[in-house]
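Numbering (the numbering used here), first residue to last: 10 to 328.
By construction, the Cβ of each residue, glycine as well, lies at the ideal position given by its N, Cα and C atoms.
From a predicted model like this one, the values you see are computed outputs, not experimental measurements.
First comes the structure, then the notes that go with it.
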Amino acid sequence: MTSSRSLKSAAYWFVELQEQPVSEQTRLNFELWLQQPEHQAAWQKVLQMHQTFEQFQAQQQQHPDLDKLLQQPLISRRTALKCLAVFGTSFFSYQAVRTSWSKSQWYVLMADHAVGVGHFQQISLQQKGQLWLNSNSAIDTSETSGQTAIDVLQGEIFVQYDGRLAQDSLLLRSKLLQQQITITSRKCELNLYSSDQRCSISLYQGEAQVSVNGQQVLLTSSMQLHITSEDIHYDELQSSLPAWREGKLIAKAMPLEQFCAELNRYRRGIITVKAEAASLRIDGIFPVFSPDTALDMMANSLPVKIDHFGPWWVQVSLA
Numbered sequence: 010m011t012s013s014r015s016l017k018s019a020a021y022w023f024v025e026l027q028e029q030p031v032s033e034q035t036r037l038n039f040e041l042w043l044q045q046p047e048h049q050a051a052w053q054k055v056l057q058m059h060q061t062f063e064q065f066q067a068q069q070q071q072h073p074d075l076d077k078l079l080q081q082p083l084i085s086r087r088t089a090l091k092c093l094a095v096f097g098t099s100f101f102s103y104q105a106v107r108t109s110w111s112k113s114q115w116y117v118l119m120a121d122h123a124v125g126v127g128h129f130q131q132i133s134l135q136q137k138g139q140l141w142l143n144s145n146s147a148i149d150t151s152e153t154s155g156q157t158a159i160d161v162l163q164g165e166i167f168v169q170y171d172g173r174l175a176q177d178s179l180l181l182r183s184k185l186l187q188q189q190i191t192i193t194s195r196k197c198e199l200n201l202y203s204s205d206q207r208c209s210i211s212l213y214q215g216e217a218q219v220s221v222n223g224q225q226v227l228l229t230s231s232m233q234l235h236i237t238s239e240d241i242h243y244d245e246l247q248s249s250l251p252a253w254r255e256g257k258l259i260a261k262a263m264p265l266e267q268f269c270a271e272l273n274r275y276r277r278g279i280i281t282v283k284a285e286a287a288s289l290r291i292d293g294i295f296p297v298f299s300p301d302t303a304l305d306m307m308a309n310s311l312p313v314k315i316d317h318f319g320p321w322w323v324q325v326s327l328a
């Protein structure tokens, strides 16, 4: 029989493993915790509860009234929780409402545009360009007096924007901890990745003005800007356009640990790499939106083996 304490611990680990990236120490602690049979049983129950939450997301698509309600920009948490109760969402989802993982799930439900882990979406910007959302990303959008405003709530986007009228402009907004980041441009091809640890802005074409807590930075073509809580630094772009738009992960002598961390963004759960295999280098083009296929391709090109511990945890080690 699974104890309440074990279930609480499993719920804690479920939330911890949704964070990106997962630290090596967190992975090791989870592996140690999961060795006990009671913990394994509790972990399976938490996974079953999460499936209930995913069923709720399917209900959103099947019930127009629910979908319409969730699209209201000022929906209150009380109203949202009532919806969850009506459509059978698990109690675990309610208890997790203050966690980072839960915040991510709320974005998927309530943002103007959002995609889950392992998916992407292309959006038209009213004849001014195109926008792509990468895996596990969410944005809010608005149009005012020719200005297209996009709030990046989480994840990664690529924008092709061409303001043809004098009043046309693009405004991107994001946050990194307490730092407010704004980007303005009239014509650009730009990629923005936002996580809890950093915000990276890659400009492929055009110019963009970046403001970080009052500090102004002018980005020009083929420049990257990396913002963390500690500093801001630049470097030059090494690729033409982000490969994920075409469903590709391109590795050039990439350390295996870095490769698996990048692939982990497109797969639920965790991919761990044992220390003896972490420094192996990998080359090739991999299907990023089919991460398990990419893992099999990796195992065929390197002297490694892949062990699956349930549907969520994959471990890579030397063969």
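By a C-beta neighbour count over all protein chains shown, 10 Å radius and 16 as the cutoff for buried, is Ala175 buried or exposed?
exposed
Proximal residues to Phe268 (C-beta, below 6 Å), its chain only, five neighbours per side dropped
Ala260 and Ile291
Where does Gln163 land, buried or exposed, given buried means 16+ other C-beta within 10 angstroms?
buried
Cutoff 8 Å; reference Arg207; Cβ partners in own chain excluding five residues on either side:
Leu185, His235, Ile236 and Thr237
Give the secondary structure of Glu152 by DSSP, where H, G and I count as helix, E and B as strand, and everything else as coil.
strand
Less than 8 Å between the C-beta atoms of Ala123 and Ala158, yes or no?
no
Give me, in chain order, the residues of the same chain whose beta-carbon lies closer than 7 Å to that of Val282; leave out the 5 immediate sequence neighbours on both sides.
Leu265, Glu266, Cys269 and Val325
Please report the straight-line C-alpha distance between Leu41 and Ala287, rounded to a whole angstrom.
20 Å
Cβ-Cβ separation, Ile279 to Trp321 (assumed contact under 8 Å), whole Å
7 Å
Whose CA, out of Gln53, Leu179 and Ile190, lies closest to the CA of Lys196?
Leu179
Counting only the same chain and skipping the five closest in sequence on each side, list residues whose C-beta sits under 6 Å from that of Leu16.
Ala51
Of the choices Ser183, Phe318, Ser220 and Gly138, whose alpha-carbon is the least far from that of Glu198?
Gly138
Beta-carbon spacing of Leu1, Leu258 below 8 Å
Beyond the ends of the chain as shown, which are 10 and 328, falls residue 1; an answer cannot be given.
Would Asn143 be called buried (16 or more neighbouring beta carbons within 10 Å of its own) or exposed?
buried
Return the bridge partner residues of Lys261 from the DSSP annotation.
According to DSSP, which records beta bridges pairwise, Lys261 is partnered with nothing at all.
For Ser8, write down the residues that DSSP places opposite it in a beta bridge.
A question about residue 8 goes unanswered here, because the residues of the chain that appear run from 10 up to 328.
Here's a check: name, in chain order, each residue in its chain whose Cβ is nearer than 6 Å to the Cβ of Gly293, leaving out the five neighbours to either side.
Ala260
Within the continuous beta strand (DSSP E) that includes Gln188, where are the two ends?
Gln188 to Ser194
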